[in-house]
Amino acid sequence: MFDLSRFSLSNMIECGAALRRLGRNERSMEGAAERIVRHLYDHLGGGRTGERACALVRFFKTHPYCELDPDLQRVAFEMLGRPPDAPGLKCLTLLATVGDRPEWSDREQSRGHRAIPLPSEEAILRAPMISQLIEQLGLEVGTVLQPDPDVLLDLEQRTFNVFHVPRARGSPFVPAQVEFVARHGIESVLGFGGVLPGGDLFAVILFSRVPIPRATADLFKPLALSIKLAVLPFADGPVFASAGEVHAVGDNAGGSPPNESASRVLSRTAALEQLLEVHERSVLEQAGTLEEALAESRQLLESAPDAIVITDGQGRIVRLNRRTEGAFGYTREELLGRPAELLVPNGFRPGHGAAAAVNGTRPRLEGREPDLYGRRKDGGRFPIDLTLSPLETVDAGLVIGIIRDLTERRRMQAVLIQAEKLASLGLLSAGVAHEINNPLAYVANNLAVLERDAHCLAEVLAAYDEARPVLAVSNPELADRIDRIAKAIDLPYIRAHLERMVSRTRHGVKRISDIVQNLRMFARLDQAAVDQVDLQQAIVGSLELIWGQLEKRHIVVKQQDGGLHQVVCAPAQINQVVLNLLVNAMQAIEATGRDGGQIEIGIRAQGDEVILEVADDGCGMPAEDLPRIFDPFFTTKPMGQGTGLGLAISHSIVADHGGRIEVESTPDRGSRFRIILPVGGGRQGQ
């Protein structure tokens, strides 16, 4: 069954071949016509349901009134209302019919269509469907009514158009809108036909429940020629099966029937030539359409922002786009014919969507595969989103994979997560400042009073020392009691260390205040706020946050005082960059396995730029790793000690400020990172 909604060039050729054979072994044109309408009714389907597309299929042919049998002459007479003016009056005769209702499959039960008289052009114009059928086929009404022999010779060389009503509902060219079109769900009407030797018009009309687009309708032009070839042996022979003497047409494939007249031979030859021309033209048109579609699909494939790979049933790459070459670092020639697993890291291959597709372990090869990684030619891996879909083609097993590089998305997600962390830290800092600074102020104020009172107490004790000899004489018991108390509390120690204890406490309070202040500066809520800042503040604030860890690891920090160097920047973001570099330096020193190390920090001006350097004497990095250290998720640290995002985020922040990061590193000798920022700021400073 042919799907009328997706009727194709191959369907046209197959259907045409079948129609041409339907006139063989028939004894009349009526018999051939019945087989033709039955074939179309049974073999034109309506999409995936497989139901018949047509509610009704009919075959019409014009016939002289005088050659009709008495019953049909009576029908034509009743419709005309009077005897015909001439015995050769043309009548549009229903030759065959088949449809959903029993009466639609019986020509005798057809009401008003068995023999329609065509007395004049005016009468035809009053029948919109008939007039449109003639006009859209490309015929003149006068030629149908009174064929001119000279015109008929020209018509033999012509290919006719089709009668096409894409929307039957509401169309003035389709009668019986309520009782037929609406009730039986008629969507489109399609008619196709031509002219037989002698000038008789023939036409097949399909009343379809499936919408028929113009492109499909045009494919029925060659089918009219195939039908003409099927009924041509009966052009000057028996038309109706009940007509007197009839003759059979043998199965004479490739040749003409033995009793065929010269006119029919010429007509058959012309029809075959037309059919060949139409087929050639259709093939060329379809080839052009296919080439355009192929060019469009190729352009879409090459312009796609994602990598696209097509594999065969064995998982070999048979097609790819330019983005695939850029994403994975291979050339097209290096990938074609290779297994798709080449693009998958070794550790991920067993559970990878591509591997599952190739090995047949996926029950349904369709959908997205998140949390996967791709493998570049240089061995580097990167996060991807993979969408797999089977291709509906004649080549079974083709799979299209759309691969989206998630590196930038993950980097942005990491930046957002880091921003959320800093925002949370800013909220925490605000709360800490509120909850700690107020009682800290009480402590600081009371400490000042305590320091003053301790000084006064020291003066009192000094005066007591001077008065003790007198007190020992005048009141020895009181003097002894004071001595016992002084001994019990170790008064000499208190007098020697009290001021020092108060001073150290005051220093501790100041330390707490500085930590809170630096924490607020590092993780302020308005992270994107731009200001003119001295880079020395970024160093001091970041060092304050990790000072305890540095002391614990016996790491010495040396700062070169380069003076005041102000730049326009987002302070919180630059603080984050400096902290990332300090933490990396500390971890690099720790990776050496030795106790202690040294970090050097320096700031200097160079033209309209300020350079901040952070150097360490840690483990260093090999030269082959340096080009990749700013790639997201790349890390040289042991598993669990790094996400591979710190330097990527730092690089992004510095780039947003219009600056750059440079690095020098030697294995076992350490690394030096150089942050170069424009004094006036970059995009962040605009």
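Going by the working numbering, the residue at position 426 of the sequence shown is 417; the numbering climbs one at a time, nothing skipped. Note that the Cβ used here is the ideal one computed from N, Cα and C, for glycine as well.
- When the Cα atoms are used, what is the spatial distance from residue 309 to residue 302? 5 Å
* Which word fits residue 250, buried or exposed, when buried means at least 16 other C-beta atoms lie within 10 angstroms of its C-beta? -> Any answer about residue 250 is weak, because its pLDDT of 47 lies below 50 and its placement is not dependable; what the coordinates show is given next. Looking at its Cβ environment, which holds fewer than 16 other Cβ atoms inside 10 Å, residue 250 is exposed.
Tell me the residue span of the alpha helix (DSSP H) that contains residue 219. 212 to 222
task: Measure the CB-CB distance between residue 229 and residue 12 and report whether it falls below 8 Å.
output: no
Over what stretch of residues does the alpha helix (DSSP H) that includes residue 642 continue unbroken?
637 to 647
Check: If you compare alpha carbons, which of 393, 583, 182 is closest to residue 380?
Finding: 393
DSSP state of residue 327 mapped onto helix, strand, coil
coil
Return helix, strand or coil for residue 81, following the three-state DSSP convention.
-> strand
For residue 601, which residues in the same chain have their Cβ closer than 7 Å to its Cβ, ignoring the five residues on either side in sequence?
526, 556, 558, 594, 668, 670
Tell me residue 557's beta-bridge partners as DSSP assigns them. 525
Hey, how far is the Cα of residue -5 from the Cα of residue 277? 17 Å
Open item on the list: Per DSSP, what are the beta-bridge partners of residue 87 in this structure?
Closed with: 50
Task: Rounded straight-line distance, which links the Cα of residue 67 to that of residue 54 - done: 11 Å
If you count every other CB in all the chains shown that lies within 10 Å of the CB of residue 565, and 16 or more means buried, which is it?
buried
| query | In whole angstroms, what is the alpha-carbon distance linking residue 330 and residue 300? | reply | 11 Å
Task: Straight-line gap, residue 305 to residue 368 (C-alpha atoms, nearest Å) - done: 22 Å
task = Determine the closest residue to residue 45 out of 201, 116, 119, with distance taken between C-alpha atoms.
result = 201
Original post:
How long is the line joining the alpha carbons of residue 237 and residue 211, rounded to whole angstroms?
Top reply: Residue placement at residue 237 is poorly supported in this model, since its pLDDT is 38, which falls under 50; the coordinates still yield a value, given next. Cα to Cα, the separation comes out at about 31 Å.
- prompt: By Cβ distance below 7 Å, which residues in the same chain neighbour residue 467 in space, the five residues on each side in sequence not counted?
  reply: none
* Apart from the five residues on each side of it in sequence, which residues of its chain come closer than 8 Å, Cβ to Cβ, to residue 3? -> 210, 211, 213, 214, 273
Just to confirm my understanding: we take residue 336, look at its own chain, exclude 5 residues before and 5 after, and list those with CB closer than 7 Å. What are they?
364, 366, 372
**Request:** Quick one: grab the DSSP three-state call for residue 596.
**Result:** strand
Could you give the DSSP three-state label for residue 165: helix, strand or coil? coil
Check your understanding: With burial defined as no fewer than 16 other Cβ atoms inside 10 Å of the residue's Cβ, what is the status of residue 108: buried or exposed?
Key -> buried
Rounded straight-line distance, which links the Cα of residue 89 to that of residue 207:
22 Å
| Opening and closing residue of the alpha helix (DSSP H) in which residue 302 lies | No alpha helix (DSSP H) contains residue 302, which is instead part of the beta strand (DSSP E) from 298 to 302.
Legend entry - Pairwise C-alpha distance: residue 167 and residue 174: 10 Å
**Q.** Three-pair Cβ contact test at 8 Å for the region 79 to 86 versus the region 97 to 112
**A.** yes
* Pick from 14, 34, 26, 16 that is closest to residue 5, judged by C-alpha positions -> 34
Determine whether the beta carbon atoms of residue 582 and residue 661 lie at a separation below 8 Å. no
Can you tell me which of the three DSSP states residue 6 falls into? helix
Beta-carbon gap between residue 617 and residue 654 smaller than 8 Å = yes
Below 8 Å on the Cβ atoms is my contact criterion, and I expect residue 548 with residue 592 to pass it. Report the Cβ-Cβ distance as a whole number of Å. 7 Å
- Message: In this structure, how does DSSP classify residue 657 when only helix, strand and coil are distinguished?
- Response: strand
Opening and closing residue of the beta strand (DSSP E) in which residue 317 lies: Careful: residue 317 lies outside any beta strand (DSSP E), inside the alpha helix (DSSP H) at 313 to 319.
**Message:** Let me make sure I understand the geometry here. Which of 32, 217, 538, 79 has the alpha-carbon closest to that of residue 733?
**Reply:** The chain is shown only over -8 to 677; residue 733 falls outside these bounds and no answer can be derived.
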